[in-house]
Amino acid sequence: MKTTAYYSGKIETKNRECFVGNQKVDCPGSQEKNSTQTGDKLDILPPSPILDKRGDFVFTSIILLVVIGYILLAVFKTRVFGKTLAEYVKPVWYFILISILIVLWQYLFGLRLDDNLMALRISQWLWQALVLASAYKLSKLPGTSYGNMLFLGILYSTIIHGLKVAIRYYFYDKTLLYTLDRFLYGSLLVMVFAFVLGSVFVYLKRRGIRY
């Protein structure tokens with residue numbers, strides 16, 4: 001049985017939740033097929049009752065495995081596509097740091113602004129530009145390959161969107177399904193700027209074309 005609720009007043013959206021004044025209400029269209037049980041929109045994954053729930057042990061274990069994996073790469077100086085983790089990070093560490101600060105700004109301040117949609121959009125353009133700048137700078141180094149651009153995309157995906165989904169999961173009580181969908185969607189954007197456009201830089205360099 002479906003029930004329809006009517007609300008008097010302007011519906012405002014904040015943090016993907018809808019309010020009329022201070023009263024939380026159902027968002028228009030929140031019951032669309034491609035969404036979680038709580039009404040959060042899914043961009044890539046289909047609804048899944050198995051994943052559409054909280055799972056602290058699973059989520060925290062994945063985060064720890066990723067962190068430990070990077071620590072092991074750094075400690076043992078393991079080469080990924082011919083470069084160590086330090087060789088990836090050192091030339092672009094300030095871009096990475098600014099990207100992290102942008103993510104923190106989005107959740108600490110950006111979501112609280114009255115015109116947060118435009119502010120968040122601009123902040124997203126900024127980290128995309130930083131990823132592209134990192135790919136450009138890495139392409140200038142000797143021996144940079146297409147594989148290096150792929151790993152750069154993986155690195156930025158886990159840093160930027162790993163941090164984003166961690167904040168959403170721990171502080172906004174989102175489900176495994178929603179955080180996984182957000183991570184995959186965000187990682188695709190990262191790959192466009194790091195791997196796809198980065199590969200263009202590598203191709204131009206190998207062809208001897210100045211860029």
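Numbered per UniProt numbering, the sequence shown finishes at 211, counting up by one with no gaps.
For each residue, glycine too, the CB sits at the ideal point set by N, CA and C.
Are the beta-carbon atoms belonging to residue i and residue j less than 8 Å from one another?
i, j, result
"L177", "L65", "no"
"D52", "T36", "yes"
"I102", "S123", "yes"
"V202", "Y146", "yes"
"T175", "R54", "yes"
"I100", "I63", "no"
"F95", "S48", "no"
List the residues that DSSP assigns as beta-bridge partners of residue i.
i, result
"F195", "Its beta-bridge partners do not exist; DSSP assigns none."
"K174", "BP columns for K174 are empty, so no partner."
"S35", "K41"
"V80", "K83"
Can you determine whether any heavy atom of the ligand ATP sits closer than 7 Å to the C-beta of residue i, and answer yes or no?
i, result
"A74", "Here there are no bound small molecules, and the ligand ATP is not part of this structure."
From the options, pick the residue whose C-alpha is nearest to that of residue i; which is it?
i, options, result
"L152", "L132, G143 and K53", "L132"
"F59", "L138, T144, Y136 and I167", "I167"
"Y70", "F57, Y88, R54 and G55", "Y88"
"G186", "I68, W125 and C18", "W125"
"L42", "F19, L184 and T84", "L184"
"R206", "F171, L180, R182 and T144", "T144"
"Y107", "T38, Y170 and L188", "Y170"
"W127", "I98, L117, M118 and K140", "I98"
"S139", "L204, I68 and S61", "L204"
"R182", "V165, Y172, L197 and D173", "V165"
"A119", "A129, L130 and W105", "W105"
"V67", "G162, L189 and Y172", "G162"
For residue i, does the count of other Cβ atoms within 10 angstroms reach 16, so buried, or fall short, so exposed?
i, result
"T4", "In this prediction, T4 has a pLDDT of 40, which is less than 50 and means its spatial position is unreliable; what the coordinates show is noted afterwards. Answer is exposed; the Cβ neighbour count stays below 16."
"Y156", "buried"
"S199", "buried"
"I50", "exposed"
"M149", "buried"
"D40", "buried"
"K90", "exposed"
"I209", "exposed"
"A86", "exposed"
"G82", "exposed"
"L72", "exposed"
"L130", "buried"
Check: On the three-pair Cβ rule with 8 Å, is the segment 186-204 touching the segment 72-90?
Finding: no
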